[in-house]
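Chains as they are written, first to last, in this note's numbering: chain A, 1064 to 1245; chain B, 1064 to 1245.
Here a beta-carbon is modelled for each residue, glycine too, at the ideal position from N, C-alpha and C.
Bear in mind the structure is a predicted one, so any value in this text is a computation, not a measurement.
Number of protein chains: 2
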Amino acid sequence: MRADAQRNRGRLIEAAREVFREQGYDASLDEVAKRAGVGAGTLYRHFPSRDVLMDAILQSWVDRVNDAADKVLVHEGAPRDLLLAWFETYVGLISMHKGGPAKITGAMGDEKSPIMTKCQALAAATQRVVDRLEEEHALREHIEAVQMCRLVGGVASVADNGGLDRAAVRPLLEVIADGVLA
Amino acid sequence: MRADAQRNRGRLIEAAREVFREQGYDASLDEVAKRAGVGAGTLYRHFPSRDVLMDAILQSWVDRVNDAADKVLVHEGAPRDLLLAWFETYVGLISMHKGGPAKITGAMGDEKSPIMTKCQALAAATQRVVDRLEEEHALREHIEAVQMCRLVGGVASVADNGGLDRAAVRPLLEVIADGVLA
DNA sequence: GAACTATACGGAGACACTCTCCGTTTGGCA
DNA sequence: TGCCAAACGGAGAGTGTCTCCGTATAGTTC
């Protein structure tokens, strides 16, 4: 890739991160291009669709997901606490930008979504938590990590959409945890 | 209201029902106006925002909600079956049009949403189910109907968004049911 | 049934966003 | 230094939202 292309790509990702943080994932892409100081054509050449741009933005975010799972898993305690800690972490991770929870959770399980790899990272991290709980025979029965992602993602979507705070989300996560635990 | 205004209002609601059914709640409002055979100005005079139009569309739907609750509540059976029957009914009710689950669930609990009365109807119907289950001491502890609406609405949103079918939704509803039942 | 007026209508048009096309510029190599 | 494939940029076409205001008409009054 030519040096100027490389540079513009970086600028676009940086600008997108900023604009999405301020205005959510529905923000104007022209605004992103303007903020990056490039033409609209350049944006669309690098990122043919909004989802592809999102995927690029979330590249470094995957590390955060894995680190978060590490951190939750070292914590000793009751299975319910572990699960709830992960659920709250999970909600935080996918709620970085307005519109994020719905976007990510909607793509969960879709083989050919542009952000598929991101969903896989989330599902894999959740699977690690599931594995731990199954080791301890704490789960009611086998449950797919993807299903847990959908449940918690659903709560996060509703919270994002309806402007619910942590305190309002907590009891919802508790219901899901209780539904899953033995 | 003048006779022509009344007539146009009716036509707009009918057209909107049709267009939203075909294209989801994000469909073009100009298309609705065109389909109703009126100008855009007429549409926006009657319904200043998309949500107000949605509210009008859902007017008759409230009866369906209440009838559905009646039907579920006459059914004799285990609490879990009752609850799951209501959950599936609930998902069906709010999934009439694409985008519906997110819209309705996001407004749940918002005192001044244009579709507030519709959310109240849903919450009230859910409350009837909760009351029945509490009579039978089948619930783990007191749970707000609104919270149950958010949980099930979250699942419905994810299903709507990710194209999940009934079979994929069922186990998610079961987790919620198990989390709520004693 | 004619005149009047408050009410409602319609659609042009301003504004915003998406995405493409193509003339222009430039990085990097020979 | 010259060349050209690669990349750029922004005008503009297409689509949707929403408003404004000149025009039409329902309903009332005499």
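8 Å Cβ cut-off: residues of chain B touching residue i
| i | result |
| --- | --- |
| A:S1158 | Going along chain B, no residue has its Cβ under 8 Å from A:S1158, so there is no contact; the nearest lies around 13 Å. |
| A:Q1210 | P1234, L1235 and V1238 |
Neighbouring residues, chain B, relative to residue i (Cβ below 7 Å)
| i | result |
| --- | --- |
| A:G1216 | V1221 |
| A:V1243 | V1238 |
| A:D1173 | G1225 |
Neighbouring residues, chain A, relative to residue i (Cβ below 9 Å)
| i | result |
| --- | --- |
| B:N1224 | A1165, K1166, T1168, G1169, A1170 and S1220 |
Cut-off 7 Å between Cβ atoms - residues of its own chain near residue i, not counting five sequence neighbours on either side
| i | result |
| --- | --- |
| A:V1128 | L1156, A1184, L1185 and A1188 |
| B:L1147 | L1236, E1237 and A1240 |
| B:R1255 | As displayed, chain B neither begins before 1064 nor continues past 1245, which places residue 1255 of chain B out of reach and without an answer. |
Spatially closest choice to residue i from the options, by CA coordinates
| i | options | result |
| --- | --- | --- |
| A:E1081 | A:E1094, A:G1216, A:A1132 and A:G1102 | A:E1094 |
| B:D1130 | B:A1068, B:T1152, B:I1120 and B:R1084 | B:T1152 |
| B:G1102 | B:Q1086, B:D1126, B:R1072 and B:A1090 | B:R1072 |
| A:E1207 | B:G1104, B:P1234 and B:G1100 | B:P1234 |
| A:R1113 | A:R1203, A:R1191, A:G1162 and A:F1150 | A:G1162 |
| B:F1083 | B:L1202, B:Y1107 and B:S1158 | B:S1158 |
| A:G1100 | A:R1065, A:H1205, A:K1175 and A:L1075 | A:L1075 |
| B:M1179 | B:A1096, B:G1104, B:D1133 and B:Q1122 | B:Q1122 |
| B:R1191 | B:D1228, B:E1204, B:R1229 and B:W1149 | B:W1149 |
| A:A1068 | A:A1078, A:T1105, A:R1098 and A:G1087 | A:T1105 |
Environment of residue i [buried if 16+ CB atoms lie within 10 Å]
| i | result |
| --- | --- |
| A:V1137 | exposed |
| B:T1168 | buried |
| B:H1200 | exposed |
| B:M1117 | buried |
| B:S1091 | exposed |
| A:P1111 | exposed |
| A:A1245 | exposed |
| A:K1166 | buried |
| A:H1205 | exposed |
| A:A1132 | buried |
| A:A1230 | exposed |
Residues of its chain near residue i, where Cβ-Cβ distance is below 8 Å and the 5 sequence neighbours each way are ignored
| i | result |
| --- | --- |
| A:M1171 | C1182, L1185, A1186, V1209, C1212, R1213 and G1216 |
| A:V1154 | P1164, V1215, V1218, A1219, A1222, V1232 and L1236 |
Chain-ordered neighbours of residue i on chain A, where CB pairs are closer than 8 Å
| i | result |
| --- | --- |
| B:R1127 | Correct list: empty, because the minimum Cβ distance to chain A is about 22 Å. |
| B:R1072 | Going along chain A, no residue has its Cβ under 8 Å from B:R1072, so there is no contact; the nearest lies around 29 Å. |
Contact list for residue i against chain B, beta-carbon separation under 9 Å
| i | result |
| --- | --- |
| A:R1229 | Residues of chain B passing the Cβ test: none, with the nearest at roughly 14 Å. |
Partner residues on chain A for residue i, Cβ-Cβ distance less than 7 Å
| i | result |
| --- | --- |
| B:R1065 | Neighbours of B:R1065 on chain A: none; closest Cβ ~38 Å, over 7 Å. |
Contacting residues, own chain, Cβ-Cβ under 6 Å from residue i (five flanking each side not counted)
| i | result |
| --- | --- |
| B:P1177 | D1114, V1115 and D1118 |
**Inter-stretch contact at 8 Å, needing at least 3 Cβ pairs: the segment 1233–1242 of chain B / the segment 1191–1202 of chain B** = no
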